[in-house]
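Written below as structure tokens is the structure these notes are about.
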Amino acid sequence: DAGVTQSPTHLIKTRGQQVTLRCSPISGHKSVSWYQQVLGQGPQFIFQYYEKEERGRGNFPDRFSARQFPNYSSELNVNALLLGDSALYLCASSLGNRGGSEKLFFGSGTQLSVL
Amino acid sequence: GQQVMQIPQYQHVQEGEDFTTYCNSSTTLSNIQWYKQRPGGHPVFLIQLVKSGEVKKQKRLTFQFGEAKKNSSLHITATQTTDVGTYFCAGNTGGFKTIFGAGTRLFVKA
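Chains as they are written, first to last, in this note's numbering: chain A, 19 to 133; chain B, 178 to 287.
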């Protein structure tokens, strides 16, 4: 079975641009969470989606948005990129039926560099 | 808001020595999870603790959840070079956010 897949693996953008990151969860998983991991720090919670609905949001500005599709895949959009948005963006998939008490399966991430 | 703090930030050990990382939450947790991230990799789930005072073992790894459900620890006995990586605790207060600590990076010298 395929694990969590994220694309692209690497991305270079300039300040002010917009970016879309994609994630496909494990088959059978209905929940997707997005995390931002700056080098040397722990993953910071951005969003959790379940059945196409946002169930949780972290302390990120409105420049960050996401959505989940009927096939449970998800996109994370970041507008008006800042240098500080440079990070590894991780997608985590889970079954979705136990809220925050579930094991998270992470993808390999998208490394975003903003120049 | 909810915060999860981990200490130490880094730990250098000689192969065969023991290692412990500690996790403290500013609020009572409904559960705590532990993840390991190898250099250049992504976090991989190790274990989840739910009950007050719970202790779980996985081979050389021992995980504890405090009586007040606000702290946790991971102890590795007789470290090996394969234990190298960053260990994260991640807490949940019953909602849909799983909050990660900053991690403890373990270096093992052969």
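Here a beta-carbon is modelled for each residue, glycine too, at the ideal position from N, C-alpha and C. Note that the structure is predicted; figures quoted are calculated from it, not measured.
What does the Cβ neighbour count give for V132/A, buried or exposed, with the cut at 16 atoms within 10 Å?
buried
Please report whether the beta-carbon of Q86/A lies at a distance below 8 Å from any beta-carbon of chain B.
no
If K233/B and Y264/B are in contact, beta carbons under 8 Å, what's the gap, nearest whole angstrom?
At roughly 15 Å, the Cβ-Cβ gap does not stay under 8 Å, so K233/B and Y264/B are not in contact.
What does a CB cutoff of less than 7 Å around L122/A pick up in its chain, not counting 5 residues either side in sequence?
S51, A110, S112
Apply the 10 Å Cβ neighbour rule to V221/B and answer buried if 16 or more other Cβ atoms are within range, or exposed otherwise.
exposed
Where T256/B falls: helix, strand or coil (DSSP)
coil
For the beta strand (DSSP E) that N77/A lies in, which residues bound it at each end?
Segment: none, N77/A is in no beta strand (DSSP E) and carries neither H nor E.
On the three-state DSSP scale, how would you describe G102/A?
helix
Skipping 5 residues on each side, what residues in its chain have a beta carbon closer than 6 Å to that of F284/B?
H189
DSSP three-state call for K3/A: helix, strand or coil?
There is simply no residue 3/A to check, as chain A begins at 19 and stops at 133 in what is shown.
Examine chain A for any beta-carbon lying closer than 8 Å to the beta-carbon of N248/B, and answer yes or no.
no
The stretch 86-104 of chain A / the stretch 189-205 of chain B touching (three or more Cβ pairs under 8 Å)
no
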